[in-house]
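A.B. asks: Numbering-wise, the sequence shown is residues 1 to 671 according to UniProt numbering.
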Amino acid sequence: MPTIGFNVETINHPAGYAFTVWDVGGERTRLSALLMVAKTDVDPGCDKIRPLYRHYFQNTEFVIFVHHCADMERLDEQLDLLKSSICDEQLRHVPVLIVLSVQDLMVAATKTEDMAKIRAAYENFAASCKRPAAIKIFDCPGFSATTSENPSKVLDEVVKMLRDKHGSAQVAPQAANNSDNKADTFASDASDGERAKTMAEADGITTADFWQAFEDGSLAPWDHYNHLKAGFFVLIGAFEQGSGVLDAAETFVSHLERLRAGNPQRFRNTTHRTMTVFWLAQLQIAAANYINSLDASRALQREDFKSVLLHSPTLTDSRLWTKYYSKDNLFTQNAKDQWCLPDLKPLPSVATTRRRQSKDAPPATAADADRLIGFGLTVVQQTLASKARRGPIVKAALAALQASTIRERAVTTATAPYSETQAYFWVQIVHAAVASAATSQSDDGLAWSGSVESLTLQAFKALYGITGDEWRAHYSAKLWESLEARMRFQPPDRKPLPNAIAVMSGQTGVVAARAAMVQRFVADQEPRSEMPPFKDLAVMAAVLAQESKDGSAGNHGVMLQSLFELLYSSDEMKHDTDANHKMRSQGISKALELPCAGVEGLTQITFWVQQILHSLVSFEGTDFGDFIRSNVHLAYKELPLVYYSPMLWASHEAAIVYLGPDRKRLSSLGS
């Protein structure tokens, strides 16, 4: 199977090396991640991929070039590709290993003569190439990367070359530098702490008064401290609505533009999106580290700003960005207009806390009521986001829940049997609650104003005071637990199902719901970095398949179906290896250029193409709906965030080149 041309994997070597290897070629080998793989059946997409190679040269420590020995017609072309790449200034000091591969497919009658010609061509090139780093030809008789032990031989050779390059003394200077850095860091931390303490003590304004001054433009002075404080407040507000750092940055930029328009003398800052995102990201990390360090679990709130600052005093250093960005990168027009990743070192992560120490404990089993409430919430959220009719969606969702319940009970009897009455009851309860939220209005600032589609289960329960016992007001225990209620929906025998459910009185529910939403973004586990339960994925897949059938699919469904149609191979084509290979290569090239609403740049489209290709390997049907129901994870719109952080996924760099995931390793297409 051909690769997309962009892939990254980490390969561990027994000698203690961990190779992060990039495939930017196009032809798959068992090494699976190579910097440059000479391609034989060049398709139109290849010429568009090659100019992107240079984006991967930075920080490269080794180049493996795999030559396709069976394609003698393109010997010169493959050699030219190597020449044009390794003569780049960024690769002049990088060792190169030329691997003569695919020898098993060479023409037997001319194999000896052809191998001599290939070997001579590369030896002449290596001798004439004036560069400080070594070029070595790996010529193992009969070599083919399809043999399992051969890639290991290549990596063994790479290790030898790296040891020859570095020797054993390279660690010493680094250790000395580290000592100096630790001393500098200690002194810097001390001054940061004093500065944070001074700033916090000088701040005597109340939370409400500060926000009012920020909104009406009377806030003074507009210094680094007040920048941070305003950013923290905006960040908390975004978290309460279910939005992350990038959305908070857009809100903050809108505030700044409003303030500058009203008082350009006081608010002189011009819009700089990368700088804005950088500081908000630092605030999120600092807030998470603070709240997770407390002995008692509680929600983060605006009043915590000073404590967050004192806990992470480096925030007070207005030049903190210099540790992450070079001036040449940060002060470009691209960085001003859009979010760009740091070029000196990556942003920090949330620190390990006392809660992380209990991660090996078995996960708590969700109460069956929560399981069904969560199901109802998923169904209603999917219905709100869909243009399809509610009836077919609910019917398909109930069938998906029944199937997933049978699947779960095959593993553990802790899951209660499927009951259509109980499942539909909670769908109706959630629907009634959401209906009341859509019609409720308040001007006191304490009403729920967030998106219902972003509500988490805990926030939903807090907002409406849901306990899980609501069924008792409508059903007797006898009917609720009856076999008839399991088989088909039974109407209530006490009182009718409600059409609306009010938010908890006294604003208690709103405050608790907001706190639950904020907690999602400052928890040890990053938001959306785990796959939803299978039952929820099954519901999403059922909805997407129904939309496809009705012709009412949204952007996500249209994108998946378009890629499916481009990359799908019929049974006849699968049996014809050569024809399937060419068709798949052409499909990949077209897929990478496919305009998809909501999918921007090379990393994003490559991710979805990889997901479709991987799922097609085991799919034997022909219908798109069956394909989605067989691969329910594809229906999850936020699937990329299981593998990528939002910061990397939405970055300018991820748009122009393919970037590997930073959260979870992607499965190899051949695994």
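Think of the CB as a built atom: it goes at the ideal place given N, C-alpha and C, for glycine as much as any other residue.
Predicted model, so just to flag it, every value in this text is computed and none were measured.
In its own chain, which residues sit with a C-beta less than 6 Å from the C-beta of Ala512, not counting the 5 before and 5 after it?
C.D. replies: Within the sequence shown, numbered from 1, the residue matching residue 512 stands at position 512. Closer than 6 Å at Cβ, skipping near neighbours: Ala462.
A.B. asks: Looking at the strands, I want to know which residues DSSP matches up with Thr415.
C.D. replies: Translated into positions along the sequence shown, residue 415 becomes position 415. Answer is none; Thr415 lacks a bridge partner.
A.B. asks: In the DSSP assignment, find the beta strand (DSSP E) that holds Ser101 and state where it starts and stops.
C.D. replies: The sequence position of residue 101 within the sequence shown is 101, counting from 1. Per DSSP, Ser101 belongs to the beta strand (DSSP E) from Val96 to Ser101.
A.B. asks: Helix, strand or coil, according to DSSP, for Phe143 in the structure here?
C.D. replies: Here residue 143 refers to the residue found at position 143 of the sequence shown. The answer is coil: DSSP assigns Phe143 none of H, G, I, E or B.
A.B. asks: Please classify Pro481: does DSSP put it in a helix, a strand, or coil?
C.D. replies: Within the sequence shown, the letter at position 481 stands for residue 481. The amino acid at residue 481 is misidentified as Pro; the sequence shows Glu. Looking at Glu481 - three-state DSSP - the assignment turns out to be coil, as it is neither helix nor strand.
A.B. asks: Could you check the C-alpha separation between Thr412 and Ile406 for me, to the nearest Å?
C.D. replies: The residue you call residue 412 lines up with position 412 of the sequence shown. The residue you call residue 406 lines up with position 406 of the sequence shown. Taking the straight line joining both Cα atoms gives about 10 Å.
A.B. asks: State the start and end residues of the unbroken alpha helix (DSSP H) segment that holds Ile64.
C.D. replies: Here residue 64 refers to the residue found at position 64 of the sequence shown. Where Ile64 is concerned, there is no enclosing alpha helix (DSSP H), although the beta strand (DSSP E) it sits in stretches over Val63 to His68.
A.B. asks: Give every residue of the same chain whose Cβ lies closer than 6 Å to the Cβ of Arg291, excluding the five residues on either side of it in the sequence, and list them in chain order.
C.D. replies: Position 291 of the sequence shown, counted from the start, is the residue given in the question as residue 291. The displayed chain sequence assigns Ile, not Arg, to residue 291. Excluding positions up to five away in sequence, the list reads Leu300 and Val522.
A.B. asks: Going by C-alpha to C-alpha distance, which of Tyr325, Leu455 and Leu347 sits closest to Leu384?
C.D. replies: Here the question's residue 384 lines up with position 384 in the sequence shown. Comparing Cα-Cα distances from Leu384 to each of Tyr325, Leu455 and Leu347, the minimum goes to Leu455.
A.B. asks: To the nearest angstrom, report how far apart Val308 and Arg302 are at their CA atoms.
C.D. replies: To locate residue 308, count along the sequence shown from 1; it is residue 308. To locate residue 302, count along the sequence shown from 1; it is residue 302. Taking the straight line joining both Cα atoms gives about 10 Å.
A.B. asks: Over the uninterrupted alpha helix (DSSP H) stretch that includes Lys327, give me the two end residues.
C.D. replies: Position 327 of the sequence shown, counting from 1, holds the residue named residue 327. It spans Lys327 to Leu330 - the alpha helix (DSSP H) in which Lys327 sits, taken as one unbroken run.
A.B. asks: For Ser548, count neighbouring C-beta atoms within 10 Å of its own C-beta (all shown protein chains included) and say buried if the count is 16 or more, exposed if not.
C.D. replies: To locate residue 548, count along the sequence shown from 1; it is residue 548. Ser548 should be labelled buried.
A.B. asks: Would you call Leu330 buried or exposed, if buried means 16 or more other Cβ atoms sit within 10 Å of its Cβ?
C.D. replies: Along the sequence shown, one-based indexing puts residue 330 at 330. Buried: at least 16 other Cβ atoms inside 10 Å.
A.B. asks: Among residues of its own chain, excluding the 5 on either side of Trp615, which ones have a beta-carbon nearer than 6 Å to its beta-carbon?
C.D. replies: For the purposes of this step, residue 615 is identified with residue 615 of the sequence shown, where counting begins at 1. The residue asked about is misnamed: residue 615 is Ser in this sequence, not Trp. Hits under 6 Å: Asn631.
A.B. asks: Out of curiosity, what's the CA-to-CA distance linking Gln604 and Thr251?
C.D. replies: Locating residue 604 in the sequence shown gives position 604, where the first residue counts as 1. Locating residue 251 in the sequence shown gives position 251, where the first residue counts as 1. Each residue's alpha carbon lies about 24 Å from the other.
A.B. asks: Report the three-state DSSP secondary structure of Gly16 (helix, strand or coil).
C.D. replies: Translated into the one-based positions of the sequence shown, residue 16 becomes position 16. The answer is coil: DSSP assigns Gly16 none of H, G, I, E or B.
A.B. asks: Tell me, which residues are paired with Lys136 by DSSP?
C.D. replies: The residue labelled residue 136 in the question sits at position 136 within the sequence shown. Leu97, per the DSSP bridge assignment.
A.B. asks: Would you list the residues sitting across from Ile588 in a DSSP beta bridge?
C.D. replies: If you number the sequence shown from 1, residue 588 lands on position 588. Per DSSP, none; premise fails for Ile588.
A.B. asks: Would you call the region 262-277 and the region 464-479 touching, i.e. three or more CB-CB distances under 8 Å?
C.D. replies: No, they do not touch.
A.B. asks: Val599 and Met531 look like a contact to me (Cβ under 8 Å); what is the Cβ gap, rounded to whole Å?
C.D. replies: Against the sequence shown, residue 599 aligns to sequence position 599. Against the sequence shown, residue 531 aligns to sequence position 531. About 20 Å separates the two Cβ atoms, so there is no contact after all.
A.B. asks: Given the structure, does Leu602 come close to the ligand SAH, in the sense that its CB is under 7 Å from one of the ligand's heavy atoms?
C.D. replies: Annotation note on the ligand SAH: not contained in the displayed structure, which lists no ligands.
A.B. asks: Please determine, among Leu97, Trp279, Gln333 and Thr378, the residue with the shortest C-alpha to C-alpha distance to Val154.
C.D. replies: For the purposes of this step, residue 154 is taken as the residue at position 154 of the sequence shown. Looking at the Cα atoms, Leu97 is the closest of the given residues.
A.B. asks: Ser293: which of Thr276, Met275, Ser312 and Gln282 sits nearest, CA to CA?
C.D. replies: Within the sequence shown, residue 293 is the residue found at index 293, counting from 1. Checked all of Thr276, Met275, Ser312 and Gln282; the closest Cα to Ser293 is Ser312.
A.B. asks: Let me make sure I understand the geometry here. Which of Glu240, Lys637, Asp247 and Thr606 has the alpha-carbon closest to that of Gly509?
C.D. replies: Reading the sequence shown from its first residue, position 509 is the one you call residue 509. Closest by alpha carbon: Glu240.
A.B. asks: Suppose contacts are defined by Cβ-Cβ distances below 8 Å. Is Ala423 in contact with Asn499 by that definition?
C.D. replies: Locating residue 423 in the sequence shown gives position 423, counting from the first residue. Locating residue 499 in the sequence shown gives position 499, counting from the first residue. Taking 8 Å as the Cβ cut-off, Ala423 and Asn499 do not qualify as a contacting pair.
A.B. asks: Assign Thr10 to one of three DSSP states: helix, strand, or coil.
C.D. replies: For this step, residue 10 is matched to residue 10 along the sequence shown. If DSSP states are grouped into helix, strand and coil, Thr10 belongs with the strands.
A.B. asks: Across which residues does DSSP place Cys596 in a beta bridge pair?
C.D. replies: Locating residue 596 in the sequence shown gives position 596, counting from the first residue. For Cys596, which the question treats as bridged, DSSP gives the partners Val599.
A.B. asks: Grab me the residues of Ala396's own chain with a C-beta within less than 6 Å of its C-beta, minus the 5 sequence neighbours each way, in chain order.
C.D. replies: Sequence index remark: in the sequence shown, residue 396 carries index 396 (1-based). Same-chain partners within the cutoff: Ala542 and Gln546.
A.B. asks: Look at the Cβ atom of Val94, then the Cβ atom of Glu73, and state whether they are nearer than 8 Å.
C.D. replies: Counting from 1 along the sequence shown, the entry for residue 94 is found at position 94. Counting from 1 along the sequence shown, the entry for residue 73 is found at position 73. No, Cβ-Cβ distance for Val94 and Glu73 is not below 8 Å.
A.B. asks: Output yes or no for whether 8 Å exceeds the beta carbon distance between Arg494 and His474.
C.D. replies: Numbered from 1 along the sequence shown, position 494 holds the residue referred to as residue 494. Numbered from 1 along the sequence shown, position 474 holds the residue referred to as residue 474. Closer than 8 Å, so yes.
A.B. asks: Using the C-alpha atoms, what's the distance from His67 back to Gln78?
C.D. replies: Locating residue 78 in the sequence shown gives position 78, counting from the first residue. Locating residue 67 in the sequence shown gives position 67, counting from the first residue. Roughly 7 Å separates the two Cα atoms.
A.B. asks: Beta carbon of Thr316, beta carbon of Asp192: below 8 Å?
C.D. replies: The residue you call residue 316 lines up with position 316 of the sequence shown. The residue you call residue 192 lines up with position 192 of the sequence shown. Yes.
A.B. asks: Under the three-state reduction of DSSP, which class applies to Trp22: helix, strand or coil?
C.D. replies: Residue 22 sits at position 22 when you count from the first residue of the sequence shown. Here Trp22 sits in strand by DSSP.
A.B. asks: Suppose the cutoff is 8 Å on Cβ atoms and the five residues either side in sequence are ignored; what does the same chain contact list for Gln561 look like?
C.D. replies: What you label residue 561 is simply residue 561 of the sequence shown in a count that begins at 1. Counting only Cβ-Cβ distances below 8 Å, and skipping sequence neighbours, we find Ser548, Ala553 and Phe624.
A.B. asks: Can you tell me the Cα-Cα spacing of Glu113 and Val159, whole angstroms?
C.D. replies: For the purposes of this step, residue 113 is taken as residue 113 along the sequence shown, with counting starting at 1. For the purposes of this step, residue 159 is taken as residue 159 along the sequence shown, with counting starting at 1. Looking at the two C-alpha atoms, the distance is approximately 31 Å.
A.B. asks: Roughly how many whole angstroms lie between the Cα atoms of Phe619 and Phe607?
C.D. replies: Counted from its first residue, the sequence shown places residue 619 at position 619. Counted from its first residue, the sequence shown places residue 607 at position 607. Looking at the two C-alpha atoms, the distance is approximately 19 Å.
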